[in-house]
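If you read the sequence shown in numbering that gives the first Met the number 0, its first letter stands for residue 0, the second for the next number, and so on.
Below is one structure; the comments refer to it alone.
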Amino acid sequence: MLIYSFHVYQWPSVLLSDLAKCMRNFIWSGDTTQRKICTVAWKVVCKPRDEGGLGVKDPSLVNRASLLHLSWKLLTSNDHWAILCRARFLHHGKPKANYFTSSVWYGLKRYIQKIYDHSTWSVGNGKNIFFWIDKWLDRAIFEHWNIPPSLHDSLDMKVSECIMEGSWCLPDFLVTRDPDLANSIIKITLPVEDVLDRLNWHHAIDGVMTSKLAYTFLAGTGNKIPWHKLVWNVYTPPTRSFITWRWIHDKLPIDDNLRKRGCFVASLCCFCKQRAESSNHIFLSC
Numbered sequence: 000m001l002i003y004s005f006h007v008y009q010w011p012s013v014l015l016s017d018l019a020k021c022m023r024n025f026i027w028s029g030d031t032t033q034r035k036i037c038t039v040a041w042k043v044v045c046k047p048r049d050e051g052g053l054g055v056k057d058p059s060l061v062n063r064a065s066l067l068h069l070s071w072k073l074l075t076s077n078d079h080w081a082i083l084c085r086a087r088f089l090h091h092g093k094p095k096a097n098y099f100t101s102s103v104w105y106g107l108k109r110y111i112q113k114i115y116d117h118s119t120w121s122v123g124n125g126k127n128i129f130f131w132i133d134k135w136l137d138r139a140i141f142e143h144w145n146i147p148p149s150l151h152d153s154l155d156m157k158v159s160e161c162i163m164e165g166s167w168c169l170p171d172f173l174v175t176r177d178p179d180l181a182n183s184i185i186k187i188t189l190p191v192e193d194v195l196d197r198l199n200w201h202h203a204i205d206g207v208m209t210s211k212l213a214y215t216f217l218a219g220t221g222n223k224i225p226w227h228k229l230v231w232n233v234y235t236p237p238t239r240s241f242i243t244w245r246w247i248h249d250k251l252p253i254d255d256n257l258r259k260r261g262c263f264v265a266s267l268c269c270f271c272k273q274r275a276e277s278s279n280h281i282f283l284s285c
């Protein structure tokens, strides 16, 4: 039920914060209700293991990624619910300015333009692509010609109106004014059969957005670290991997780190009784 709710509604930030707090408490104390000092930053914990984190999913990002994926399906699916939502909430493929009493649309409308910014149309029969305002070339034609936004609502011509019997039939004024643009359009190969237009997500090999790709897109990618396979593998118990991971980040609860937090204690290694307690001493030189 939780994941289903994440896929449909935009959760209040207070609930997402409380859920993340319970997850942090469980990681560091083993109890969702018991608070303990978080030695590693939450943003580091939520990084993938190959980037030095634990691979924990941030609830806020999961919610946003789920809504982004649902927005993608709203724009690309031919299911009845998607067709109904497009007819009700969109005009020329863009969100209407009207206010709608919908608990679902409130969380989706903010992602529609983001999807268009990172997607490109592949031309099929051209019936779903707006000639001037959709991105089906390297950039939208209205950007190429600097058409002001105030005129966008009147630009309702579809790409299908420039296709006749499987060949391009461009308006004379377009060929005369911008021959380079006309040549780039003519170079697009049209399908022989009646194929639907397709919206392709730039960050997917096959052009289809998935929930995983949506989360990766919002979370971003960082530098890969070379040691994650040595720490996290089937041969090492998870508890030992977790201790090693904290040691690499220098976040073990030892005297040296306690002093960094302002706790002034008399430090002495509990093993050799000769040197101050530190991570490098305990694991490398004691």
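Even glycine gets a Cβ: it sits at the ideal position worked out from N, Cα and C.
Alpha-carbon spacing of residue i relative to residue j, whole angstroms
i: Lys72; j: His201; result: 15 angstroms
i: Pro148; j: Glu160; result: 22 angstroms
i: Ile146; j: Leu251; result: 59 angstroms
i: Leu53; j: Val44; result: 5 angstroms
i: Val158; j: Ile242; result: 59 angstroms
i: Leu67; j: Trp10; result: 14 angstroms
i: Leu107; j: Asp57; result: 19 angstroms
i: Trp80; j: Ser240; result: 46 angstroms
i: Gly221; j: Val13; result: 28 angstroms
i: Val61; j: Phe5; result: 7 angstroms
i: Gln33; j: Leu1; result: 22 angstroms
i: Arg87; j: His143; result: 30 angstroms
i: Ile185; j: Pro178; result: 10 angstroms
i: Asp152; j: Leu18; result: 42 angstroms
i: Lys20; j: Trp244; result: 21 angstroms
i: Asn127; j: Asp78; result: 15 angstroms
i: Lys272; j: Met22; result: 37 angstroms
i: Thr238; j: Asp137; result: 50 angstroms
i: Leu180; j: Leu150; result: 20 angstroms
i: Phe141; j: Trp167; result: 20 angstroms
i: Arg176; j: Leu189; result: 23 angstroms
i: Trp246; j: Gly29; result: 19 angstroms
i: Ser266; j: Leu283; result: 18 angstroms
i: Trp41; j: Ser59; result: 12 angstroms
i: Tyr214; j: Tyr3; result: 16 angstroms
Cutoff 8 angstroms; reference residue i; Cβ partners in own chain excluding five residues on either side
i: Ala203; result: Thr209, Leu212
i: Phe129; result: His91, Gly92, Leu154, Asp155, Met156, Lys157, Val158
i: Val191; result: Gly165
i: Val174; result: Ala181
Chain-order list of residues whose beta-carbon lies under 7 angstroms from that of residue i (same chain, five-residue window excluded)
i: Val207; result: Trp200
i: Phe25; result: Thr31
i: Ala139; result: Ile132, Asp133
i: Ser70; result: Leu107, Tyr110, Ile111, Ile114
i: His117; result: Trp200, His201, His202
i: Pro94; result: Phe88, Lys108, Ile111
i: Tyr8; result: Ser102, Val103, Gly106
i: Leu169; result: Cys161, Ala181, Ile184
Residue burial classification, residue i (beta-carbon count within 10 angstroms, cutoff 16)
i: Ser102; result: exposed
i: Thr75; result: buried
i: Arg63; result: buried
i: Leu15; result: buried
i: Phe172; result: exposed
i: Leu232; result: Checking the sequence, you will find Asn at residue 232 rather than Leu. Exposed: under 16 other Cβ atoms inside 10 Å.
i: Asp196; result: buried
i: Ile187; result: exposed
i: Phe99; result: exposed
i: Ala218; result: buried
i: Ile253; result: buried
i: Ser183; result: exposed
i: Ser65; result: buried
i: Val122; result: buried
Residues near residue i by beta carbon distance below 6 angstroms, same chain, minus five either side
i: Asp249; result: Ser278
i: Val55; result: Val44, Cys45
i: Thr119; result: Lys134, Asn199
i: Val193; result: The question names Val, but residue 193 in the sequence shown is Asp. Excluding positions up to five away in sequence, the list reads Asn124.
i: Gly51; result: Ile224
i: Cys84; result: Leu73
i: His227; result: Arg48, Asp49
i: Phe216; result: His202
i: Ile162; result: Gly125
Per DSSP, cross-strand counterpart(s) of residue i
i: Phe303; result: Given a span of 0 to 285 for the chain in the structure shown, any question on residue 303 remains unanswerable.
i: His90; result: Lys93
i: Met163; result: Ser166
i: Gln119; result: Before going on, a small fix: residue 119 reads as Thr here, not Gln. In DSSP, Thr119 forms a bridge with Asn199.
i: Lys157; result: Phe129
Q: Note down, one range per segment and in chain order, each beta strand (DSSP E) of at least 3 residues found wholly within the region 184 to 243.
A: Entirely contained in the region 184 to 243, the beta strand (DSSP E) runs reaching 3 residues are, in chain order, 197 to 200.
**Q.** 4 or more residues per run - each alpha helix (DSSP H) lying fully within the region 1 to 82
**A.** With a minimum length of 4 residues, the continuous alpha helix (DSSP H) runs that stay inside the region 1 to 82 are 1 to 7, 12 to 28, 41 to 44, 58 to 75.
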